[in-house]
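Going left to right, the sequence shown walks through residues 1 to 669 as the UniProt record's numbering numbers them.
Cβ atoms here follow ideal geometry from the backbone N, Cα and C, with glycine treated the same way.
Here the structure is a predicted model, which means the values were calculated and not measured.
Below is one structure, written out as structure tokens, with a few remarks after it.
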Amino acid sequence: MSPSGSDTFTHHLHNNEDGDANIHTYKILHSGSPVSPLYKTRPNQLTTTTRSSTSSGSGPNIGLVTGPQHSNDHSGELSGSADSPFTGFGPAYGAGLVSWSGPNCGLGSGSGSGSGLVSGSNTNGGLSSGSGSGGISSTGSVCGGGSIRSGHARSGSTGTPNAVGNICPTGRGLKLGMTMPCRSTRSDVLGSGGVNYGHGSIIGSNNNIVKQSSKCNDDDPEELKRLGNESYMKGNYAEALGLYNKAIAISPGNATLHCNKAVSLIGLKNLPQALKECKEAVRLDPGYQRARRRLGSLFLSLGLVENARKHLTVPGMQVDPIEMQKLQTVEMHILKCSNARRIHDWESILREIDAAVASGADSSPQLFACRAEALLNLHRLDDASLSLSNVTKFEAPTAPYSQLKFLGMLCEAYLLVVRAQIELAHGRFDNAVTAAEKAAETDPRNREVSVLLKNMRLVARAHSRGNDLFKSERFTEACSAYGEGLKIYPSNSILYCNRAACWYKLGSWETSVDDCDQARQIQANYSKALLRRAASYSKLERWAEAVTDYDVLKKEIPYDNEIAEKWSLVLLLEQFRAAVSSPIATVVHFKEASDTKCKQVSQFLFTLCSRYPSMSFLKVDVNESQAIANSENIKIVPTVKIYRSGNRVKEMVCPSPEALESSVRHYSV
């Protein structure tokens, strides 16, 4: 009686056709349930800066916010933080004092445990006294406390609505007796805050925060400005922007409105438009120092050092040493970055870019694009794509700024150069050419851009020609076409993978594996290259490597039925190859369950199992294990093959019992 289909690959049969127990038997191998125990023996897995807009200044020498030091009245302006690019400069700038003006206003100073002075309007025009809060904390709550002492009187502009008070940081009181710089009357002035890009607070209030008027006069730019200031202080930057836009539409020549609009745009992360508004404020009022400082600080944040220096070192304007130190540090790191790029030292570029960003150039699209270029050349395509996706397109607002340069080429052209390289690495050849063409249009005189465009066109042409030849089954010529592209861009994983497909079709599986390896070195998670390498390994009968690749693919693409099916077949072939790789001779009977001759050979092999216990005996059903039958080129059944150390040493088709036993006896020694 022949063994039933439930016999397993790993279990010996314990009964012969006569029912005798415990004699040496042989095993069955096929692709159904009989091989399931082997699956269990193999592991199934492969181990492979924005802060609150209402915080206060944090530097020493806290003083009264006085605004720009020129004669124009920029009432209601937004001031920056003491440590941000958009703060006031000099020892008089900072937080710690809230002031406002009103009809017949006096000034009161607060004392307490933590905050600075609070001054308020006094409708009686006299000095106020009494107990109360010392200031407003950075969260808007009352900080500090104590008696209100007398202060000096200050004139104010009449008819100006009260605005919200400034922010007083806890623990930073105003030193009494400090000299305050004189300034002209300002209504609704936005004071110094502690957040980058001039996120200040509105100076001016009664004892409590004034509620926004329910009625807004859309024809009064001052009222719109006041409401915009209040919205900005609450962090409603979009609402503030809308109010400033309405005010500018009525009073387009008001420099303060443009400057305040710039700060709200910064809050909305729209630095290019903020740059435009600061420039307009400076154009309207060349002596507007706060707008000029903001403009310089914006340029520094964008990594444009020369332009930043131009506005931070204006003759007659006090130079802020902190800003100048930041500028010099950023300039040094960008210079080192440029030198490293010239010699293709991509690791150094990453270090210098990180240092430049930490030093103040934290919103530079060019630096982020440069990081993407470095990551791409370090074969970290996913990281490069992510870095480039974070780049906001730098739209030069006016003609003078359209000529800004970075690393020797126009800013916009450099962004397009990096984009072209990343598009090419992803195999989007047409997109790469388009980006290179736009870069050449933007900076037509730049030699690097011109060379890039020429090379992009050549590579795209080679790729297209290779694809056409492959479709025409002219695989040798297709290999040459892809090779031409690789001569220009030797680190393009797509071209390597396509050429590997040609080698596979030509039967050069070792070469196909080599090209797949190159593609995976450049793009580590390139699944198509891994799939082609697994197929080439299968052709080379390197089953273990093929199974390993399919294991990885199953994890990367878990719901792909085709990959799962190929994995199962290759795993079965690996098991068969492992079974016949023993130095002990292995007899394999290839059979069909319904064939009479196969049944006879099976019965005789049971007998031989007991006579030659030193040998291994296997059965393979060719219908259930077609992959094994095909790999062993089985055309007729029954066929018996004898293997030793993975090599076939004997093959017999429809053998007689005598010939079968003679061969088994010979190889049992």
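Mind reading off the beta-carbon distance from residue 622 to residue 658? Whole number of angstroms is fine, and I expect it under 8 Å. At roughly 25 Å, the Cβ-Cβ gap does not stay under 8 Å, so residue 622 and residue 658 are not in contact.
For the structure I just gave you, are there three or more beta carbon pairs, one from the region 255–273 and one from the region 317–333, closer than 8 Å? Not touching, per the Cβ criterion.
Quick one, which of 644, 450 and 445 has its alpha-carbon nearest residue 436's? 450
As assigned by DSSP and simplified to three states, the class of residue 636: coil
Could you have a look at residue 612 and say whether DSSP puts it in helix, strand or coil? coil
Under the assumption that residue 512 contacts residue 500 (Cβ atoms under 8 Å), give the Cβ distance between them as a whole number of angstroms. Contact annotation, residue 512 with residue 500: C-beta distance approximately 5 Å; criterion of less than 8 Å satisfied.
At a cut of 8 Å, does the region 440–458 reach the region 407–415 through at least three beta carbon pairs? yes
What does the alpha-carbon distance come out to for the pair residue 667 and residue 571? 28 Å
Name the two residues that bound the continuous alpha helix (DSSP H) containing residue 589. From DSSP, residue 589 is part of no alpha helix (DSSP H) but of the beta strand (DSSP E) over 586–591.
Inter-stretch contact (C-beta, 8 Å, three-pair minimum) for the region 584–600 and the region 638–648: yes
For residue 270, which of 631, 292 and 241 has the nearest alpha-carbon? 241
Less than 8 Å between the C-beta atoms of residue 631 and residue 573, yes or no? yes
What's the C-alpha gap between residue 364 and residue 334? Their Cα atoms are separated by approximately 11 Å.
Between the Cα of residue 482 and those of 515, 454 and 653, spot the shortest distance and give me the residue it belongs to. 515
Can you list the beta strand (DSSP E) stretches of 3 or more residues lying completely in the region 297–356, in chain order? none
In angstroms with no decimal places, state the Cα-to-Cα distance between residue 251 and residue 366. 35 Å
Assuming contact is defined by CB atoms lying nearer than 8 Å, are residue 317 and residue 289 in contact in what I supplied? yes
In three-state DSSP terms, what is residue 114? Here residue 114 scores only 38 on pLDDT, less than 50, and its place in the model should not be relied on; the value that follows carries that caveat. Coil.
Give me the Cα-Cα distance between residue 347 and residue 562, rounded to the nearest whole angstrom. Residue 347 and residue 562: Cα-Cα distance of roughly 40 Å.
Range covered by the beta strand (DSSP E) that runs through residue 650: 647–653
DSSP three-state label for residue 621, please. strand
Our contact map puts residue 281 next to residue 255 with C-beta atoms below 8 Å; I'd like the distance itself, whole angstroms only. 4 Å
Expressed to the nearest angstrom, what Euclidean distance is found between the alpha-carbon atoms of residue 611 and residue 664? Annotation: residue 611 to residue 664 spans about 10 Å, alpha carbon to alpha carbon.
With distances taken Cα to Cα, identify the nearest neighbour of residue 586 among 520, 566, 225 and 619. 619
Please state whether DSSP places residue 505 in a helix, a strand or coil. When secondary structure is reduced to three states using DSSP, residue 505 falls in the helix class.
Can you tell me whether residue 667 is helix, strand or coil according to DSSP? helix
Within 10 angstroms of the Cβ of residue 633, are there 16 or more other Cβ atoms? Answer buried if so, exposed if not. exposed
DSSP three-state call for residue 670: helix, strand or coil? Residue coverage of the chain in this structure runs from 1 to 669, which leaves residue 670 outside it and unanswerable.
Which whole runs of the alpha helix (DSSP H) in the region 538–567 are 4 residues long or more, in chain order? Runs found: 543–556.
Buried versus exposed call for residue 403 [16 or more other C-beta atoms within 10 Å across all chains shown]: So residue 403 counts as exposed.
Residue 414 versus residue 425 - alpha carbon distance: 17 Å
Nearest CA to the CA of residue 258: which residue from 235, 233 and 295? 295
Beta-carbon separation of residue 439 and residue 417 under 8 Å? yes
Counting along the chain, where does the alpha helix (DSSP H) carrying residue 490 start and finish? No alpha helix (DSSP H) contains residue 490, which DSSP labels as neither H nor E.
Spatial distance of residue 139 from residue 357 (CA atoms): Below a pLDDT of 50, predicted positions are generally treated as unreliable, and residue 139, at 36, falls in that range; no measurement from the model is reported.
Along the alpha helix (DSSP H) that carries residue 229, what are the first and last residues, could you check? Looking at the DSSP string, the run of the alpha helix (DSSP H) that includes residue 229 is 221–233.
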